[in-house]
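Protein chains in written order, with the numbering used here: chain R, 121 to 244; chain P, 121 to 244; chain B, 6 to 392; chain H, 6 to 392.
Working notes, structure below.
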Amino acid sequence: MGFEFNENVIEHFENPRNVGEIPDADVIETVGSPVCGDMLTLYIKLKDDKIEDIKFKTYGCGAAIATSSLFTELVKGKTVEEALKVTSDVVVEAIGGLPEKKVHCSLLAPDAFKQAIEKYRAKQ
Amino acid sequence: MGFEFNENVIEHFENPRNVGEIPDADVIETVGSPVCGDMLTLYIKLKDDKIEDIKFKTYGCGAAIATSSLFTELVKGKTVEEALKVTSDVVVEAIGGLPEKKVHCSLLAPDAFKQAIEKYRAKQ
Amino acid sequence: MNRVYLDNSATTAVDPRVIEAMMPYFGERYGNASSLHSFGHEALEAVSIGRKQVATFLGATPKEVYFTAGGTESDNMALQGVAYARKEEGNHIITSSIEHPAVLETCAFLETVGFEVTYLPVDTTGRVLPSTLEAAMTERTTLVSIMHANNEIGTTQDIRDLARVAHDHGALFHTDAVQSAGKLPLDVESLGVDLLSLSGHKIHGPKGIGALYVREGTPIKPVVYGGGHERGLRSSTENVPGIVGVGMACELAHTYLDVDISLMNQMRDALIEGISDTIPQAVLNGHPTERLCNNVNMSFAGVEGEALILSLDRAGIAASTGSACSSKTSKASHVLLAIGLDQALALGSLRLTLSRMNTMEDIAYTIEKLPAMVARFRAMSPLWKEE
Amino acid sequence: MNRVYLDNSATTAVDPRVIEAMMPYFGERYGNASSLHSFGHEALEAVSIGRKQVATFLGATPKEVYFTAGGTESDNMALQGVAYARKEEGNHIITSSIEHPAVLETCAFLETVGFEVTYLPVDTTGRVLPSTLEAAMTERTTLVSIMHANNEIGTTQDIRDLARVAHDHGALFHTDAVQSAGKLPLDVESLGVDLLSLSGHKIHGPKGIGALYVREGTPIKPVVYGGGHERGLRSSTENVPGIVGVGMACELAHTYLDVDISLMNQMRDALIEGISDTIPQAVLNGHPTERLCNNVNMSFAGVEGEALILSLDRAGIAASTGSACSSKTSKASHVLLAIGLDQALALGSLRLTLSRMNTMEDIAYTIEKLPAMVARFRAMSPLWKEE
Ligand SMILES: Cc1ncc(COP(=O)(O)O)c(C=O)c1O
Ligand SMILES: Cc1ncc(COP(=O)(O)O)c(C=O)c1O
């Protein structure tokens, strides 16, 4: 099929932002598994309902890495409510489009974020 | 399949010997028909059990024309007994070989000759 | 020696622009279109362009175009593929008695595995009448396959009318357009067909590549199984240079269609007229007007076809008697017998087929050479009586 | 940028000598091999030479060689062809669980039309044991198909022993030699096989052409019907340039086999050693010794294969993860699962496959680039724990 990624995707793939762990994260959430082919762990630090810091680790393809990177960049500093509006569609548009077969990879980060927030709120 | 004829075949095809009719032939014999794809008429003039003259007309492919031509050349002047030994194999060898699919065409003249002689003898 | 190629229905010379387009895909762009890396991507892009070119040529969408190994495989996929896919709905197939062996032999095979096939007769010009088709349709008919133009006698069919009859009875319609491509407009919408077969090497493209148009939503099964290429319908590593080649061939055929047709029409008419004027008892086989612009098929009483082909070959003229496929045997062509020729005239047929690469000089040279050859064979033919 | 092609099991670059041999058959020698005239004769002679070259490569006679459109069609012809031809004698087929989809999907299709198929397991190195085959043979087994060498992990099989088991029970034996051609000696007599599949583009020949060896007297039916080409087994106008190309590719593979094997062996071993030395927890998949001279397949814990392929691609290195055919989906390869890898290691596999056109520089460059990439992905992987 060939990699039909645009320069933006490649740039985020090669230099992903916010990779790593946050030792004192308020919430940590993992979606996917190696059995699905994709796996993502999000580390989130919140302050006054704002996303003070967010980091990720991923086992996944290039599109998963790039969209996770862009997602963290987009939501960092936003309020939780604003961040929840950063859906897969928003990420795909912001990165300049993805090949059809790869669109599903952009679900990883928004899904993990949504679950993380639910988990966090349940804990409160 | 392509025409895989040697130069000898081509030469006899382009300049067939003894083509035509003999008005006062002693025996005339036709084998084949357009339905078979090949047809040959032999005109034979005999003198003292020798083939004084022989001519042919044919409706048939290149190999049929060439081998009929060579056959008439080979038997002309021979005794009937000698001529009957000029079988299809003899003709094919004398002409330097034929593609396998075309060997059957060389049967036309010897067959016609044999039938002609039988017919002639029956008449006597 | 002059070399005049008048056997363009057997195969055509690859257009230099087609060769040029293909070359890089043998050379540095040799990737597998299914590979992830950039060699693969390069190949995939070439395949997409080829698919678009074929689609444009046919007035179809790219995803309705499936690449095959040639006209024969396209015909097999259409017939076997639809017959099996619809076998719960019916087991009856209709075709014509003058189809190419790629259709006829596939039908004969399908008969051995439980399908029933009706072979429609044609009139003396080689036309299938819509009323004949209408009468043959049954409740169980799932597919009708009738060629757009015949490869031997060049007779063309009113596909639109025939397809309408099939559709009225719930059957799908396939046409073998291997011979009409580049010689007639081929718009799948105006033709109203569900499936259409093409072959690269008949339109100045490479051998070993063909295409099958399959209207979206048409039920069809593969003939060859494997890695799931061509959206699962035809597996095997994509023949990238072949696809690039047939794509370019379609683009050229599309761009130059009008010019090509008028050029070939002119040459064809000159050939028919020249032969008829100089050779007595020359009969034109097929239809006087509803015929391909590149087809001349004539019979000369008393002359055997193969000998004539050999003489022409010695003069540098490549021609054929019957189709290339059936020329291995000396049986008379099933097409010529179907239009009612007697065996002798059928065996004495000469097919001269043109392409845009022929010239009026080719025609003049042929008309100059042919009469003496026919005369020579007639003079030695026991079947010929001078009047 | 460096462009290092290490995906030779997906496809290979066409050898310049092959391109040179093919070119005239696109250009002035464009005849149809079935035509009677000299254009046709020229084409037919080229086809005969190609057939002889393939036959010599396989230790077969020319009339046992049938040209197809590729490895997939060859496999389909062997399996469908023999299954149907022998269906009165039995309906059981045996194959292995690590075959290429061209075999597996054909078997799956045959299961839908009344055949029974046994998929033999393999050991953790990918080998089929003759005793496993022996145990699976039944009275109704008509055909056994086991690949000579696997396309993903490069494991080779003792075809001779396996074929003997099949023959002892009255079954015919087919081997898919698409990957072993040019990398192992391929003599049909020593292998003892009845049918053998080849594909042109895996041995520096063109895409879209393959061959099937069929031992004389083997019962087999066509898959594609038509004009009766290839002695009735595979109809369609002969792909003359393709045949010339695959013929030349076989001749080159035959002539240089020993040199090629030792060159690839050396590069393969350097690659495995270099990677194992520089990357911790790198596991070699397949067999340590019974493997193709051109195959390296390794898994790196914690690393996802497709991301690695993309990184390599950015550095100019073309590689693959799983076979080209299955790389469209991100499901783990059936081969890696069959040899017992867990899903994560299977998804993290990297296949590097060589050809005679690679150099030791290619190897050095790859060993230089790969470790940092693996380290980068591991650093961002939630599955990786530094020890
Ligand atoms: C009408 C028609 N259909 C099908 C074919 C088969 O095409 P191919 O030889 O490319 O398989 C041909 C040519 O041989 C043809 O003339
Ligand atoms: C082992 C094996 N068999 C068959 C095939 C199919 O060959 P092709 O793609 O030429 O049809 C391949 C390659 O894709 C292969 O590796």
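C-beta atoms are modelled at their ideal positions from N, C-alpha and C, and glycine is treated no differently.
For clarity, every value in this text was computed on a predicted model and none was experimentally measured.
Residue 294 of chain B is classed as exposed because its beta carbon has fewer than 16 other beta carbons within 10 Å across all chains shown. CA-CA distance, residue 266 of chain B to residue 273 of chain B, rounds to 10 Å. In this structure the stretch 313-320 of chain B does not lie against the stretch 253-266 of chain B, because fewer than three pairs of beta carbons, one per stretch, are closer than 8 Å. Per DSSP, residue 143 of chain B lies in no beta strand (DSSP E) and is assigned neither H nor E. Taking a C-beta cut-off of 9 Å against chain P, the contacting residues of the stretch 369-392 of chain B are 382, 384, 385, 386, 387, 388 and 389, listed in chain order. Take residue 8 of chain B, set aside five residues on each side of it, and the residues of its chain with a beta-carbon closer than 6 Å to its own are 321, in chain order. Identification of chain H residues near residue 177 of chain R by a Cβ-Cβ cut-off of 7 Å yields 385, 386 and 387, ordered along the chain. The secondary-structure analysis by DSSP pairs residue 12 of chain B across a beta bridge with B:358. Under the 8 Å Cβ criterion, the stretch 234-247 of chain B counts as touching the stretch 64-84 of chain B, having at least three qualifying pairs.
In this chain, the beta strand (DSSP E) harbouring residue 302 of chain B covers 300-305. Beta-bridge pairing by DSSP links residue 218 of chain B to B:70 and B:201. Within the stretch 247-323 of chain B, the runs of beta strand (DSSP E) at least 3 residues long that lie entirely inside it are, in chain order, 287-289 and 300-305. Considered as a whole, the stretch 93-154 of chain H harbours 106-117 and 135-141 as its complete alpha helix (DSSP H) runs of no fewer than 4 residues, in chain order.
Residue 154 of chain R reaches chain H at 348, 349, 352 and 388, counting residues in chain order whose Cβ is nearer than 7 Å. In the DSSP assignment, the residues bridged to residue 162 of chain P are P:149 and P:176. A Cβ of chain R is located within less than 8 Å of the beta carbon of residue 312 of chain H.
Any heavy atom of ligand 2 counts here; residues with a Cβ closer than 5 Å to one of them, in chain order, are B:241, B:242, H:75, H:76, H:77, H:105, H:107, H:156, H:181, H:183, H:184 and H:204. Annotation for residue 46 of chain B: the continuous alpha helix (DSSP H) segment containing it runs 43-63. Chain P places no beta carbon closer than 8 Å to that of residue 321 of chain B, leaving this residue out of the contacts. Within chain B, the residues placing a beta-carbon under 8 Å from that of residue 41 of chain H are 311, 314, 315, 318, 325, 326 and 332, ordered along the chain. Bounds of the alpha helix (DSSP H) holding residue 191 of chain P are 182-195. Proximity to residue 207 of chain H across B:388, B:144, B:384 and B:31 peaks at B:31, based on C-alpha coordinates.
Taking C-alpha positions only, residue 254 of chain H is separated from residue 20 of chain H by approximately 7 Å. Listed in chain order, the positions of the stretch 199-225 of chain B with a beta carbon within less than 7 Å of a beta carbon of chain H are 206, 211, 212, 213 and 214.
Cα atoms of residue 389 of chain H and residue 79 of chain B: separation of roughly 50 Å, rounded to the nearest angstrom. Of all residues in the stretch 282-297 of chain B, none places a beta-carbon less than 8 Å from a beta-carbon of chain P. Not a single CB atom of chain H sits nearer than 8 Å to the CB of residue 101 of chain B. The C-alpha of residue 180 of chain B lies about 14 Å from the C-alpha of residue 135 of chain B. In terms of side-chain proximity, the C-beta atom of residue 36 of chain H is found no nearer than 7 Å to any non-hydrogen atom of ligand 1.
Shown here for residue 47 of chain H: same chain residues with a beta carbon closer than 6 Å to its own, the five before and five after excluded, namely 34 and 36 in chain order. Residue state for residue 369 of chain B is assigned as helix, using DSSP reduced to three classes. The alpha-carbon of residue 385 of chain H is positioned some 49 Å away from that of residue 192 of chain H. Shown here, residue 222 of chain P sits in a helix according to DSSP, grouped into three states. Between residue 98 of chain B and residue 112 of chain B, the beta carbon gap of about 6 Å places them in contact (Cβ cut-off 8 Å).
Annotation for residue 180 of chain H: the continuous beta strand (DSSP E) segment containing it runs 177-181.
Per DSSP, the unbroken alpha helix (DSSP H) holding residue 77 of chain H starts and ends at 76-90.
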